[in-house]
Structures are given as structure tokens and as C-alpha cells.
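What follows is a single structure, written as C-alpha cells, with notes after it.
Numbering (the numbering used here), first residue to last: 4 to 163.
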């Protein structure tokens, strides 16, 4: 029974496509120039099966698939930016870099000593030699905490 339904649908499609071809041949002979409005009017009056046959015929005639191509990114530069953002999100190893000391040099040195466990001279050299790396190979949470502590005493800090 299913095979009969499939066969009858195929027969209907063949009949419709033949009628469409006959109708288009007759109309082509009457007028060689057809406006786009006339074509659109004819398409509006077609059934779904006729439209499906028309699409197939156009695909075969011009060798072009009717399917929409995959969307291309609007901005190739935007694609690289998102990949860079993804790399930063996936990153688990960060560096905390002090860019500028700020007005409270002594407070910054004290904070560096507590963060790094360096001596007074090493902490002073690190702060005065800004920009310098304060801490390497820390996770994001620890890097954010260090940054907050140093910015609280007036330093300018960057996380990489």
C-alpha cells in the first residue's frame, strides 16, 4: 500500500512537470520577453509540487544547488578576535605585571613583599623597575586577588 502511494505521488509529479513544461513551451513561443512581475505572478499561482519541480529543473538547467550556502563570517577580523578571547578563557596560567607604582611607593613595596615573600631590597627593586612581573604561573582567581590588592594601594597592574 505504501508503494502504491509512492508510485502515485511520482506519477502526479511527472504529470505536473510535463504540464508545466508544455505550458512553458507554449508561453515561450508567444512572447520571447517576459517581465519579472509576470514570472512572479505565475510562481504565486503554482502548487507546491509544481514549485518543487521548478526548483529541480532550475538546478539541472544551471547546475546550481538551491540550498543556502553556509553563512560566512561578516568580519574575518572578528573571527580572529573571538578565537583570541577563547584562548584567554581557556588559559589557566596567568602572569601579574605591575605597570606603574602610583603615589604610594612604600605601600606598594609592602604589598609586594606579602604577595611574593621577597625581601625588602628585592621588593623595592621590583617595584622601582616597573613594568615588572610580580607573579607568574598563577590561576585566574589568585591573579585577580593580587591585582585588587595592588590597585588598592595605588599601583597599575595588568594580568596576562
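The beta-carbon is built from N, C-alpha and C at its ideal position, and this holds for glycine as well.
- prompt: For chain C, is any of its Cβ atoms less than 9 Å away from the one on residue 99?
  reply: Included in the structure is just one protein chain, with no chain C present.
- prompt: When you compare only the Cα positions, how much space is there between residue 98 and residue 150?
  reply: Distance from the CA atom of residue 98 to the CA atom of residue 150, rounded to whole angstroms, is 10 Å.
Beta-carbon gap between residue 102 and residue 161 smaller than 9 Å: Taking 9 Å as the Cβ cut-off, residue 102 and residue 161 qualify as a contacting pair.
- prompt: Considering residue 104, what are the terminal residues of the beta strand (DSSP E) in which it resides?
  reply: Residue 104 -> no beta strand (DSSP E), and no H or E assigned at all.
query: Start and end of the beta strand (DSSP E) containing residue 138?
result: 135-141 is the span of the beta strand (DSSP E), which, as asked, contains residue 138.
- prompt: Nearest to residue 136 by alpha carbon, out of 143, 46, 119?
  reply: Relative to residue 136, the option among 143, 46, 119 whose CA is nearest is 119.
- request: Report all residues from its chain with a CB closer than 7 Å to the CB of residue 104; omit the five preceding and five following residues, and keep chain order.
  value: Beyond the five residues adjoining it in sequence on each side, residue 104 comes within less than 7 Å, by CB distance, of 111, 130, 133, 158 in the same chain, given in chain order.
task: With DSSP as the reference, please indicate the residues paired to residue 159 in a beta bridge.
output: Secondary-structure assignment with DSSP links residue 159 through a beta bridge to 103.
- prompt: What are the boundary residues of the alpha helix (DSSP H) that includes residue 51?
  reply: Looking at the DSSP string, the run of the alpha helix (DSSP H) that includes residue 51 is 51-65.
- prompt: Using CA coordinates, which residue listed in 36, 154, 51, 54 is at the minimum distance from residue 106?
  reply: Of the candidates 36, 154, 51, 54, the one whose C-alpha sits nearest the C-alpha of residue 106 is 154.
Outcome for residue 50 when other beta-carbon atoms lying within 10 angstroms are tallied against a minimum of 16: Label assigned to residue 50: exposed.
field: Boundaries (first-last residue) of the alpha helix (DSSP H) holding residue 3
entry: Since the displayed the chain opens at 4 and closes at 163, residue 3 lies outside it and no answer follows.
message: Output needed for residue 126: all residues of its chain with C-beta closer than 6 Å, excluding positions within five of it in sequence on either side, in chain order.
response: Excluding positions up to five away in sequence, the list reads 112, 115, 116.
Other residues of its chain near residue 3: CB distance less than 8 Å, five sequence neighbours each side excluded: With the chain running from 4 to 163 in the structure shown, residue 3 is simply not present.
task: Answer with buried or exposed for residue 67, where buried requires no fewer than 16 other C-beta atoms within 10 angstroms of its C-beta.
output: In this structure residue 67 is exposed. Its beta-carbon is surrounded by fewer than 16 other beta-carbon atoms within 10 angstroms.
- prompt: With 16 other CB atoms within 10 Å as the buried threshold, where does residue 142 fall?
  reply: Exposed, since its Cβ has fewer than 16 Cβ neighbours within 10 Å.
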